[in-house]
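In the working numbering, the protein residues as written are 176 to 389. One structure is given here, and the rest of the page talks about it.
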Amino acid sequence: EILGKRGKPRQRTHAFAFTGMIRCGECGGMITADEKIKFQQNGNFHHYVYYRCTKRMKQPCHQQPIKLEDLEIQINDVLGKMVITDRFKTWGLKMLRKDNDKEMVGQGKTQKDNHDACNQNKQMIDNLLDMRLRELIDDETFNEKKTKLFAEQKEIKKKMGQLEERVKNWFEIAEKAFIFSKYAQLRFNNGDLQTKKIILQTIGSNLVLKDKIL
């Protein structure tokens with residue numbers, strides 16, 4: 176009786192963790208997901224999620240859908256190979272600190288050279304301005320040399336900033352990588368859809384699904 180009544184159909188939206196990330200290995204189309212519910216005579220029902228090619232490319236595609244559970248097993252296998260122990264994490268960070276101390280010596284010299292080059296550049300700009308004020312050079316020569324010196328100054332400051340940023344952030348990045356390796360599998364198995372999506376994005380790019388193998 177309810178199904179027979181007229182009504183405005185409401186669009187159902189479902190959230191899937193891995194849509195928009197994977198392409199079909201046969202036709203190059205995007206991999207999408209479908210949700211299916213199978214009802215039994217005793218009133219029970221089973222919920223399934225399948226990932227499949229959209230098959231919207233011009234060429235024919237013969238790829239079959241894969242169950243979400245089977246797809247997650249493959250991702251889990253990759254994450255399992257990345258897991259590290261607390262002991263290795265502690266040792267690894269200790270070794271990275273030692274390497275960083277050595278690199279800091281070389282970076283210190285490089286940064287000094289950059290500072291010297293920047294000061295020299297500023298002095299040349301001051302000298303150029305002084306020459307123009309004393310009318311020792313014309314406007315065309317002044318503007319040409321000024322443009323060149325300011326471009327050099329911009330490049331020097333860019334190098335200085337990149338080096339400082341690297342020194343500042345390297346250990347934080349390394350620590351995050353170690354922590355990710357240690358806990359990614361655990362978080363994948365217990366996380367929500369967004370967590371699973373981020374983890375897959377972290378371990379892989381240009382993802383391709385073919386013959387039910389990611």
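Beta carbons: idealized from backbone N, C-alpha and C, even for Gly.
Taking a C-beta distance under 8 Å as the contact criterion, Lys372 and Phe214 do not qualify as a contact pair. In this structure Phe363 is not in contact with Thr377, their Cβ atoms being roughly 10 Å apart against a cut-off of 8 Å. Apart from the 5 residues on each side of it in sequence, Ala292 sits with its Cβ closer than 6 Å to the Cβ of Ile331 in its chain, given in chain order. In summary, Ile197 is buried, with 16 or more beta-carbon neighbours lying within 10 Å of its beta-carbon over all protein chains present. Cβ contact annotation for Ile241 (same chain, cutoff 6 Å, sequence separation greater than five): Tyr226, Lys387, in chain order. The residue from Thr285, Lys321, Ile248, Lys269 with its alpha-carbon nearest to that of Lys297 is Lys321. About 16 Å separates the beta carbons of Ile348 and Ala359, which is beyond the 8 Å limit, so they are not a contact pair.
Thr207 is classed as buried because its beta carbon has at least 16 other beta carbons within 10 Å across all chains shown. Exposure of Ile212 is indicated by the presence of fewer than 16 other C-beta atoms within 10 angstroms of its C-beta. A check of alpha carbon separations from Gly267 across His222, Asp367, Phe353, Lys329 identifies Phe353 as the nearest.
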